[in-house]
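Q: When you line the sequence shown up against our numbering, it's residues 9 to 443, in that order. Where a beta carbon is used, it is the ideal one built from N, C-alpha and C, also for glycine. Fair warning: this is a prediction, and the values are worked out from it, not measured in the lab. This is the structure I have questions about; it appears just below.
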Amino acid sequence: MSAEPSAPEQAGAPTPAPDRPLFRNRDFQALWISQFLAAIGKEAAEIAYPLLILATTGSATYAGAVSAVQLVVAGVMSLPGGSLTDRFDRRLIMVVCDLARVLLLVLFSFLVWTDQVHVVATFAVVVLSSAFLGVSNPAGLAAIKQLVPPSQLTQATAQNQIRFFGATVIGPPIGGSLFGIARALPFLSAAVSFLASALLLFLIRKPTQAPRPERTAATTPTGERGTIAGFRAIARQPVILILVIWAMGSNMAFNHSGMFLALIATAQDRGASEAVIGTTLAIAGGGGLVGSLLAAPILKHVRPTVILYYAVWIGPVCAALLTFIPGVLPLGVAVACVFLRAGVVGALIYGYIAALIPDRLQGRVIGAVMFLGMIAQPIGIFSIGAIFDLAGPTWVFAAMSVAGAAAALPTFSKHIRRLPSPEELAARQSTEDAS
Numbered sequence: 009m010s011a012e013p014s015a016p017e018q019a020g021a022p023t024p025a026p027d028r029p030l031f032r033n034r035d036f037q038a039l040w041i042s043q044f045l046a047a048i049g050k051e052a053a054e055i056a057y058p059l060l061i062l063a064t065t066g067s068a069t070y071a072g073a074v075s076a077v078q079l080v081v082a083g084v085m086s087l088p089g090g091s092l093t094d095r096f097d098r099r100l101i102m103v104v105c106d107l108a109r110v111l112l113l114v115l116f117s118f119l120v121w122t123d124q125v126h127v128v129a130t131f132a133v134v135v136l137s138s139a140f141l142g143v144s145n146p147a148g149l150a151a152i153k154q155l156v157p158p159s160q161l162t163q164a165t166a167q168n169q170i171r172f173f174g175a176t177v178i179g180p181p182i183g184g185s186l187f188g189i190a191r192a193l194p195f196l197s198a199a200v201s202f203l204a205s206a207l208l209l210f211l212i213r214k215p216t217q218a219p220r221p222e223r224t225a226a227t228t229p230t231g232e233r234g235t236i237a238g239f240r241a242i243a244r245q246p247v248i249l250i251l252v253i254w255a256m257g258s259n260m261a262f263n264h265s266g267m268f269l270a271l272i273a274t275a276q277d278r279g280a281s282e283a284v285i286g287t288t289l290a291i292a293g294g295g296g297l298v299g300s301l302l303a304a305p306i307l308k309h310v311r312p313t314v315i316l317y318y319a320v321w322i323g324p325v326c327a328a329l330l331t332f333i334p335g336v337l338p339l340g341v342a343v344a345c346v347f348l349r350a351g352v353v354g355a356l357i358y359g360y361i362a363a364l365i366p367d368r369l370q371g372r373v374i375g376a377v378m379f380l381g382m383i384a385q386p387i388g389i390f391s392i393g394a395i396f397d398l399a400g401p402t403w404v405f406a407a408m409s410v411a412g413a414a415a416a417l418p419t420f421s422k423h424i425r426r427l428p429s430p431e432e433l434a435a436r437q438s439t440e441d442a443s
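Okay, structure coming up:
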């Protein structure tokens, strides 16, 4: 007796075609390369701003304030950027922001070339450029959900992390080298990068957001109105809420600038040479790039719960070890183990946002997450500096360990202990929507 045919065979339904490999997805790769070039330009310009201020004013205070200003402005502007992302064409938003930065930096390059630049003008350019960054970032991240199938969400967000960490490695040396040739060159090269980024976006053919039904104030649910809707959506999703709370605490304790400040100060306190300090920072910073390169295979073969528990506890453990590790270079190795998590867990968090948040709220949720993450970093940077001045390196690392452990406590929730992958959640959401 022959076996009874399965339901799909009885209905004559064809077997769905497998998703094409991500590297053959022209739309996503155009977006990724565009954002990568823009990130390199951003990093090259960001290293040149403090160099220019030091060269023209000699003020280390002004030079140090540039980084804090960029973080705060980009974080604040990610909120309206998220709202615009949910209301208007995301590709158009990115193109407009890129072209605006092209014009801004071309004008600034001219001022620098003709020695007409002033510290006020420099800060004005920093503020405006950071504002355009804050507006465009949510659009770029929210577009990913529409350009890749649900089965490739974490793979796509993992590749996106390579963009960030790769740019932080490539951009600063380019900016510093060009500044040594001519002060205007880093800003002019950044303008070229933003122009190339804008042109590449025109290669994207698929819509970057889902079709929007006509809605009025009466038909739009109260919880989805305005910028605050992003925060409400986070609060309604326990997984995302727990991860955002942890990320805020982690960004305060273990952000790149704060950790580098602690390493530099500790190494100087131990009498290390400039060459040893530079090598230590290179080892530490390399952890983030290695993590981003390994993110895709790790996300494919390791359960999300295991990844997250490594991510949340490696910081407090390594910070505690830093209080008594001798020498200087071993400090860089320990910090590299902390930075190793960034690319993997960043891809995982944005994968959960893409899977759990409806497209109509993607921009506002991403904007809210960026705002909370970026605003937390300056607090950590200033706290690390203050503790070091008051009590020395041992108490700096002890405070990092305590803050990191406190931020990790919410991850003991059952939502994290039994966490499925973003792809599984996206598949469930698709089934629920279809039914």
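Could you check the C-alpha separation between ILE383 and ARG278 for me, to the nearest Å?
A: Answer to the nearest angstrom: the Cα atoms are 32 Å apart.
Q: Can you have a look at TRP403 and say buried or exposed, based on whether 16 or more other CB atoms are within 10 angstroms of its CB?
A: Classification of TRP403: exposed, given that the 10 Å Cβ count is below 16.
Q: Am I right that GLY184 and LEU369 are in contact with their C-beta atoms under 8 Å? What's the rounded C-beta distance?
A: At roughly 40 Å, the Cβ-Cβ gap does not stay under 8 Å, so GLY184 and LEU369 are not in contact.
Q: Where are the alpha helix (DSSP H) runs, 4 residues long or more, that stay fully inside the segment 262–330, in chain order?
A: As far as the segment 262–330 is concerned, its whole alpha helix (DSSP H) runs of at least 4 residues are 264–277, 282–309, 312–330.
Q: Looking at the structure shown, is ASN33 part of a helix, part of a strand, or coil, going by DSSP?
A: Residue state, collapsed to three classes: coil.
Q: Could you give the DSSP three-state label for ARG109: helix, strand or coil?
A: Note: ARG109 maps to helix in three-state DSSP.
Q: Consult DSSP for ASP123 and reduce its assignment to one of helix, strand or coil.
A: Looking at ASP123 - three-state DSSP - the assignment turns out to be coil, as it is neither helix nor strand.
Q: In terms of residues, what are the limits of the alpha helix (DSSP H) holding ASP367?
A: Here ASP367 belongs to no alpha helix (DSSP H), and DSSP marks it neither H nor E.
Q: Consult DSSP for ILE236 and reduce its assignment to one of helix, strand or coil.
A: ILE236 falls in the coil class under three-state DSSP.
Q: Looking at the unbroken alpha helix (DSSP H) that takes in ARG28, where does it start and where does it end?
A: Unbroken run through ARG28: none, as it is neither H nor E.
Q: Can you give the Cα-Cα distance for LEU269 and PRO29, rounded to whole angstroms?
A: About 41 Å.
Q: So GLY89 and PRO146 are supposed to be a Cβ contact under 8 Å. How far apart are they, rounded?
A: Indeed, because the Cβ distance is near 5 Å, the residues count as touching under 8 Å.
Q: Taking the alpha-carbon of PHE347 as reference, which of ILE242, VAL125, SER159, THR176 has the nearest alpha-carbon?
A: Out of ILE242, VAL125, SER159, THR176, THR176 has the C-alpha closest to the C-alpha of PHE347.
Q: By Cβ distance, which residues of its chain are closer than 6 Å to PHE405, with the 5 residues on each side in sequence left out?
A: Answer for PHE405: ALA327, LEU330, THR331, listed in chain order.
Q: Just to confirm the assignment, what range does the alpha helix (DSSP H) spanning PHE172 have?
A: Its alpha helix (DSSP H) spans residues 161–189.
Q: Using the three-state DSSP reduction, which class does THR64 fall into: helix, strand or coil?
A: Three-state DSSP puts THR64 in a helix.
Q: Going by DSSP in three states, THR216 sits in which element: helix, strand or coil?
A: Three-state result, THR216: coil.
Q: Mind checking GLU54: buried by the 16 CB within 10 Å criterion, or exposed?
A: Buried, since its Cβ has 16 or more Cβ neighbours within 10 Å.
Q: With distances taken Cα to Cα, identify the nearest neighbour of GLY354 among VAL336, SER281, PHE172.
A: Among VAL336, SER281, PHE172, the Cα nearest to that of GLY354 is on PHE172.
Q: From VAL336 to ALA413, what does the alpha carbon distance come to, in whole angstroms?
A: Rounded to whole angstroms, VAL336 to ALA413 spans 24 Å at the Cα level.
Q: State the Cα-Cα distance for the pair ALA319 and CYS345, rounded to the nearest angstrom.
A: C-alpha separation (whole angstroms): 10 Å.
Q: Please classify ALA218: is it buried, with 16 or more other beta-carbons within 10 angstroms of its beta-carbon, or exposed?
A: Label assigned to ALA218: exposed.
Q: Within this structure, are the beta carbons of VAL120 and TYR57 separated by less than 8 Å?
A: No, the pair does not count as a contact, with Cβ atoms beyond the cut-off.
Q: May I ask you to report which of helix, strand or coil DSSP gives GLU431?
A: Here GLU431 sits in helix by DSSP.
Q: What span of residues does the alpha helix (DSSP H) with PHE195 cover, start to end?
A: 193–209 is the span of the alpha helix (DSSP H), which, as asked, contains PHE195.
Q: Let's test the definition: count the other Cβ atoms within 10 Å of the Cβ of ARG349 and tell me whether it reaches 16, buried, or not, exposed.
A: By the neighbour-count rule (16 or more Cβ atoms within 10 Å), ARG349 is buried.
Q: With C-beta atoms as the reference, is PHE205 less than 8 Å away from ILE182?
A: Contrary to the premise, residue 205 reads as Ser rather than Phe in this sequence. Contact flag unset, no.
Q: Within 7 Å: the Cβ of LEU269 and any heavy atom of the ligand FAD?
A: With respect to the ligand FAD, the structure shown offers nothing to examine, as it has no ligands at all.
Q: Let's test the definition: count the other Cβ atoms within 10 Å of the Cβ of ASP397 and tell me whether it reaches 16, buried, or not, exposed.
A: Under this definition ASP397 is an exposed residue.
Q: Do the segment 249–262 and the segment 302–309 touch if we need at least three Cβ pairs shorter than 8 Å?
A: Judged by Cβ distances under 8 Å, the segment 249–262 makes no contact with the segment 302–309, as fewer than three pairs qualify.
Q: Please confirm whether TYR70 and VAL125 have their CB atoms less than 8 Å apart.
A: Taking 8 Å as the Cβ cut-off, TYR70 and VAL125 do not qualify as a contacting pair.
Q: Quick check on the DSSP output: the alpha helix (DSSP H) that includes GLY335 runs from which residue to which?
A: Segment: none, GLY335 is in no alpha helix (DSSP H) and carries neither H nor E.
Q: Return the residue from the list LYS153, PHE31, ILE189, ILE101 that minimises the CA-CA distance to LEU60.
A: With distances taken between Cα atoms, LEU60 lies closest to ILE189.
Q: Go ahead and label LEU8 buried or exposed: buried means 16 or more other beta carbons lie within 10 angstroms of its beta carbon, across all protein chains shown.
A: With the chain running from 9 to 443 in the structure shown, residue 8 is simply not present.
Q: Please tell me whether MET85 and GLY148 are closer than 8 Å, where the distance is taken between their beta carbons.
A: Their beta carbons are not under 8 Å apart, which means MET85 does not touch GLY148 by this criterion.
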